[in-house]
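Encoded as structure tokens, the structure appears first; notes follow it.
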Amino acid sequence: MTQLVWLITGCSSGLGLELSREVLKRGHLVIASSRSPEKTPHLVDEIQQAGGHWIALDVTKDNVQQQVDQAAQIHGRIDVLVNNAGYGIAGGFEDLRVSDFQTLFNTNLYGTIRTTQAALPHMRAAHTGTIINISSTGGLRGLAAVSAYASSKFALEGLSESLAAEYAADFNIRVVLVEPGPFRTLFRDQSTFFSPAAGRMSEF
Numbered sequence: 001m002t003q004l005v006w007l008i009t010g011c012s013s014g015l016g017l018e019l020s021r022e023v024l025k026r027g028h029l030v031i032a033s034s035r036s037p038e039k040t041p042h043l044v045d046e047i048q049q050a051g052g053h054w055i056a057l058d059v060t061k062d063n064v065q066q067q068v069d070q071a072a073q074i075h076g077r078i079d080v081l082v083n084n085a086g087y088g089i090a091g092g093f094e095d096l097r098v099s100d101f102q103t104l105f106n107t108n109l110y111g112t113i114r115t116t117q118a119a120l121p122h123m124r125a126a127h128t129g130t131i132i133n134i135s136s137t138g139g140l141r142g143l144a145a146v147s148a149y150a151s152s153k154f155a156l157e158g159l160s161e162s163l164a165a166e167y168a169a170d171f172n173i174r175v176v177l178v179e180p181g182p183f184r185t186l187f188r189d190q191s192t193f194f195s196p197a198a199g200r201m202s203e204f
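Just so we're aligned, residue 1 is where the sequence shown starts under the UniProt record's numbering, counting upward by one.
Written out as structure tokens, the structure is:
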């Protein structure tokens with residue numbers, strides 16, 4: 001088995017955490033990350049005791065390149081990048097502010113752009129790599145009250161398809177788009193919900 005180095009974002013709970021555990025069980029090298037590792041010391045200890053590493057990485061910040069470069073130094077490379085960090089906003093479209101969309105996109109889309117741009121030079125130098133972008137069935141079909149979340153995932157899907165076309169043939173870098181349906185995590189607890197009957201919609 002070829003042992004791969006995985007850098008995974010959004011590992012403080014849910015899919016990112018479970019993926020880190022599973023990848024370690026399969027014998028690979030894991031660099032888990034989250035915005036505030038100090039808030040989940042028990043999880044950091046668990047991953048490190050299993051042979052992994054855990055770094056602070058906030059995908060909304062300007063120091064993403066520096067953090068990813070430091071992550072690459074741990075094992076000398078990054079073979080797999082998993083862009084998992086994200087959250088949702090649900091509520092009536094007219095009750096959402098433009099700033100709500102901007103904040104959501106800053107994590108769900110621009111966060112992926114930042115980490116991917118930071119990791120790609122390492123993958124190009126190795127002439128191999130895999131980028132896994134965690135989208136959603138919300139990126140396949142827009143539903144009522146999730147316009148912000150769905151639009152961020154639709155944008156992520158377009159980004160992923162374009163990156164695949166740009167990097168596969170010339171650089172041997174695969175881009176994989178994952179579109180999971182509902183499953184039980186803390187995602188709902190960490191997301192924002194607006195009442196459709198609140199705000200401007202209550203005028204009608």
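Yeah, the Cβ is synthetic: ideal placement off N, Cα and C, and Gly gets one too.
Predicted, not measured: the structure shown is a model, and the values here were computed from it.
| Check | Outcome |
| --- | --- |
| Leu24 versus Thr130: straight-line alpha-carbon distance, rounded | 17 Å |
| Through-space distance from Lys153 to Thr9, alpha-carbon basis | 16 Å |
| Helix, strand or coil at Ile8 [DSSP, three-state] | strand |
| Environment of His122 [buried if 16+ CB atoms lie within 10 Å] | buried |
| Leu17 - DSSP class collapsed to helix/strand/coil | helix |
| Of the listed residues Gly181, Gly76, Gly158 and Ala32, nearest to Tyr110 (C-alpha basis) | Gly158 |
| Cβ pair Thr128, Asn172 closer than 8 Å | yes |
| Residue ranges of each alpha helix (DSSP H) within the region 78 to 122, 4 or longer | 98 to 108 |
| Where Arg124 falls: helix, strand or coil (DSSP) | helix |
| CA nearest to the CA of Thr60, picked from Ala169, Glu18, Gly52 and Arg35 | Arg35 |
| Through-space distance from Phe93 to Ala197, alpha-carbon basis | Low confidence applies here, because Ala197 scores a pLDDT of 37, under 50, leaving its location unreliable and the question unanswered by this model. |
| Three-way DSSP call (helix, strand, coil) for Leu29 in this model | strand |
| Proximal residues to Leu4 (C-beta, below 6 Å), its chain only, five neighbours per side dropped | His28, Asp79 and Val80 |
| Within 8 Å, strictly: CB atoms of Ile47 and Val30 | yes |
| Gln67 burial status per 10 Å Cβ neighbour count (16 or more: buried) | buried |
| The ligand NAP heavy atom lying under 7 Å from the CB of Asp100 | For the structure depicted, the ligand NAP is absent and the ligand set is empty, with no information on it obtainable. |
| Environment of Arg26 [buried if 16+ CB atoms lie within 10 Å] | exposed |
| Contact check, Glu179 vs Leu140, beta carbons under 8 Å | yes |
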